[in-house]
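Chemist: Here it is, the structure in full.
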Amino acid sequence: MTAHNPRHNPTPSHPRVPFVHTYHPASNKILHILRRHWSILTRALPEIPEFQQPPLPCRKRPKNLRDSVIRADIGSNLRTPRQQFLRTPKKGTFKKT
Numbered sequence: 001m002t003a004h005n006p007r008h009n010p011t012p013s014h015p016r017v018p019f020v021h022t023y024h025p026a027s028n029k030i031l032h033i034l035r036r037h038w039s040i041l042t043r044a045l046p047e048i049p050e051f052q053q054p055p056l057p058c059r060k061r062p063k064n065l066r067d068s069v070i071r072a073d074i075g076s077n078l079r080t081p082r083q084q085f086l087r088t089p090k091k092g093t094f095k096k097t
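The numbers in the sequence shown follow full-length UniProt numbering, run straight up by one, and end at 97.
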C-alpha cells in the first residue's frame with residue numbers, strides 16, 4: 001500500500017485545455033460566453049478528446065507600474081568617500097609636505 005501524497009495529483013486521461021487570458025473585469029463575461037457555446041465545439045469535433053471538457057480558465061496578472069519601476073542606487077558615487085585613518089588623527093592644522 002502506498003502513502004497518499006497531497007502534492008501529487010494523478011493526471012487525468014484527458015486533461016482540460018487551459019484558457020489563458022489577461023485579467024480584466026469583463027473577462028468573466030468572456031468565460032460565460034465560452035461556457036455557453038462550448039457544446040457547439042464538442043458536437044462539431046467529437047473525435048478530439050481535449051474538447052470534451054470545458055477549458056480551465058487561467059488568468060494572468062496585467063503589467064502595472066510596479067513591474068516597470070526598478071530600484072536604483074542614485075548618488076552613491078556623488079558622495080565623498082569616508083576618510084580612513086590608521087591611527088587616531090591629530091587635531092590642528094598642518095603644512096602640506
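Beta carbons are placed, not taken as given, at the ideal position from N, Cα and C, and that holds for glycine. Note that the structure is a prediction, hence the values are computed from the model and not measured.
1) Following the continuous alpha helix (DSSP H) through residue 36, name the residue where it begins and the one where it ends.
2) Ignore the nearest five residues each way along the sequence and tell me which others in residue 17's own chain have a CB closer than 6 Å to its CB.
3) Once DSSP output is grouped into helix, strand and coil, what is the label at residue 1?
4) Which of the three DSSP states is assigned to residue 49 in this structure?
5) Among 53, 61, 47, which residue has its Cα nearest to the Cα of residue 25?
6) Which residues bound the alpha helix (DSSP H) around residue 66?
7) Between residue 22 and residue 59, what straight-line distance do the alpha-carbon atoms span, to the nearest angstrom?
Modeler: Let's see:
1) Counting along the chain, the alpha helix (DSSP H) containing residue 36 begins and ends at 27-36.
2) Excluding sequence positions up to five before and after residue 17, its CB lies within less than 6 Å of the CB of 50, 55, all in the same chain and listed in chain order.
3) Any reading at residue 1 needs caution, since the residue's pLDDT is 47, under 50, leaving its predicted position unreliable; the model's value is listed next. It is coil, neither helix nor strand.
4) Correct three-state label for residue 49: helix.
5) The residue with the shortest Cα to Cα distance from residue 25 is 61.
6) DSSP places residue 66 inside the alpha helix (DSSP H), whose first and last residues are 65-68.
7) In a straight line, the C-alpha of residue 22 is about 6 Å away from that of residue 59.
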